[in-house]
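This report concerns only the one structure given below.
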Amino acid sequence: MGVVVVAVVGYFAYRAVADLPGTYFPSQGNAHIQQATDPHPPYNSNPPTSGPHLQYVAPWGIHTRPLPLELQVHNLEDGGVLVQYSCECPELVEKLAGVVKRYKDHVILAPYPGMKSKIALTAWTRLEILDEFDEARIVRFIKAYRGIDHHQR
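In the numbering used here, the protein residues as written are 2 to 154.
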């Protein structure tokens, strides 16, 4: 009987994790660095989803300039979700801003030049890539990860 219970619990735990949006990247920890130029190991995802970061965070909301990677990561650690885009596409940015404005905190919209995809959604250890606007996927990602604190205690 005990084996059956463990198997059932294990199955549902696996399903809960397997159904989460985005691709999982192993945590690279949450060490603080003093400046974005301080040497640190390369991030294991692009955009980053964990790792060394600055001691302060970017304001939540809409940004018109790219955020340093080391700044992005601290926002993720604090439970933030970043919605980033890589195109000269005002109509897309307007749609993305419409989604981000629904949340008073823990969500950021910012450009990310040079990214291969048009849109990247990041949370702590999670990355979802989109080649076109998909409001349902974006909202699902935000709802899954927004506000989850990842500080090591």
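We put the CB at the ideal spot given by N, CA and C, even for glycine.
The C-alpha of D150 is placed about 13 Å away from the C-alpha of G30. Taking a 10 Å sphere around the C-beta of P91, we find fewer than 16 other C-beta atoms and assign the residue as exposed. Residue range I120 to A124 is occupied by the beta strand (DSSP E) that includes I120. A distance below 6 Å between beta-carbons, with the five flanking residues on each side excluded, links L72 to the following residues of its chain, in chain order: L55 and A59. Shortest Cα-Cα distance from Y44 to any of L131, D20, Y86 and P69 involves P69. When secondary structure is reduced to three states using DSSP, L97 falls in the helix class. Within 10 angstroms of the beta-carbon of P27 lie fewer than 16 other beta-carbons, which makes it exposed. Beta-bridge pairing by DSSP links G62 to I109. Using a Cβ distance threshold of 7 Å, I139 and A98 do not count as a contacting pair. Between the region 115-128 and the region 77-84 there are three or more inter-stretch CB-CB distances shorter than 8 Å, so the stretches are counted as touching. The beta-carbon distance between L128 and T38, rounded to whole angstroms, is 24 Å. This is too long to meet the 8 Å contact definition.
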